[in-house]
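Working notes for the structure below.
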Amino acid sequence: PGPIIKQLKQANPPCVILHKCTTIRHAMSAVKLGVDFLSIDGFECAGHVGETDITNFILLSRARQTMPVPFIASGGFADGQGLAAALSLGAEGINMGTRFMCTVESPIHNSIKQAIVDADETDTELVLRRWKNTSRLFKNKVTEQATKIERESTTGKFEEVAPYVSGKRGREVFINGDKDYGVWTAGQVIGLIHDIPTCETLVSRIETEAIETLSKATSLIVDKQPEPDIVGTPLGDVSANPSSDHDKTAPGEAQIYDIGKSKL
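Under UniProt numbering, the first residue of the sequence shown is numbered 1, with each subsequent residue one higher.
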């Protein structure tokens, strides 16, 4: 994408460029080419997942360790708990595709929205692995045919499977509502989607859940307790000073040295 990035940067005013990456190697290359921020897409995502099969728990942490530009998290996000997790791992926010497909305002057939609600996290299929163009799709009759051809083909020619993975047929799905008419992308996050809210309701709910989740996590932090003033006594040996703070823990409360009293 180098020439395109250069052209966009030379525009007046220059464009802000977001680049999707499924590996840290590709992300670093994109940064060198001048992108402003990144979408880090884990293996859970819909559509093109890359060829390394690295999920977001690792990928986002690696991005936090290595990326000099901001990034958002993509793949596997549908609620405030996911947003809280992404923020904790270093992302500036989350990107949601499949979740927004399943909203009142989404311009796709209601039957497809209901198919997403009825599905679980196992109802996606990886196709085109053989040609290093792996895509995650909603599992249906067409993806089953496509993967069968991919698995059993003796020629390895893409032309054999091409009619089944046609984007034109996939687009028709969103119009006619027949989930088995063609292939269409969906992430593993379908297992977390249980309703069809308005976008306003969804975003508000995610904000509330994220705040509650982060507040709950923060409440687990306790102040560090002062170290006991015991001179010449081995750590853990309270017999030399029975009146020390070591033996003042309340019933059922564990003393954790150098950290404080745990709430767990």
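From the three backbone atoms N, C-alpha and C, an ideal C-beta is built for every residue, glycine too.
Would you decide whether Asn176 is buried or exposed? Buried here means 16 or more other CB atoms lie within 10 Å of its CB.
-> exposed
For Val127: DSSP bridge partner residues = Beta-bridge pairing links Val127 to Ser135.
Evaluate Phe138 with the Cβ neighbour count: other Cβ atoms within 10 Å of its Cβ, from every protein chain shown; 16 or more gives buried, anything less gives exposed.
-> buried
Could you check which residue in Asp79, Glu92, Ala85 and Leu89 has the C-alpha nearest to that of Cys102?
-> Asp79
Within its chain, find whatever has a CB closer than 7 Å to the CB of Ile108; leave out the 5 residues flanking it on each side and keep chain order.
-> Met101 and Phe174
What are the start and end residues of the beta strand (DSSP E) that includes Phe158?
-> Here Phe158 belongs to no beta strand (DSSP E), and DSSP marks it neither H nor E.
Reference Cys21, options Leu202, Pro14, Ile4 and Phe37, closest by Cα = Phe37
Taking the alpha-carbon positions, what's the Lys179 to Ser166 distance?
-> Annotation: Lys179 to Ser166 spans about 14 Å, alpha carbon to alpha carbon.
Would you kindly work out how many angstroms separate the C-alpha atoms of Ile4 and Leu128, rounded to a whole number?
-> 27 Å
Helix, strand or coil: how does DSSP classify Asn110 here?
-> helix
Compute the distance between the beta-carbons of Asn95 and Ser135, then report whether it is under 7 Å.
-> no
Touching by the beta-carbon criterion (3+ pairs, under 8 Å), the segment 53-70 and the segment 156-166 = no
Distance between Glu227 and Phe77 (C-alpha atoms, nearest Å) | 42 Å
Tell me, please, which residues DSSP counts as bridged to Cys21.
-> Ile40
Would you mind giving the Cβ-Cβ distance between Thr52 and Ile190, rounded to the nearest angstrom? I have them listed as a contact below 8 Å.
-> Not really, about 22 Å apart at Cβ, beyond 8 Å.
For the segment 27-92, list the beta strand (DSSP E) runs that are entirely contained and at least 3 residues long, ordered along the chain.
-> 37-41 and 71-74
Length of the line joining the Cα atoms of Glu121 and Arg64 = 27 Å
Test item: CB-CB of Cys45 and Gly75 under 7 Å | yes
Measure the C-alpha to C-alpha separation of Arg151 and Ile206 and round it to an integer number of angstroms.
-> 40 Å
When the Cα atoms are used, what is the spatial distance from Cys15 to Gln7?
-> 9 Å
Please name the residue or residues paired with Ile94 in a DSSP beta bridge.
-> Ala73
What three-state label does DSSP hand Thr218 in the structure shown?
-> helix
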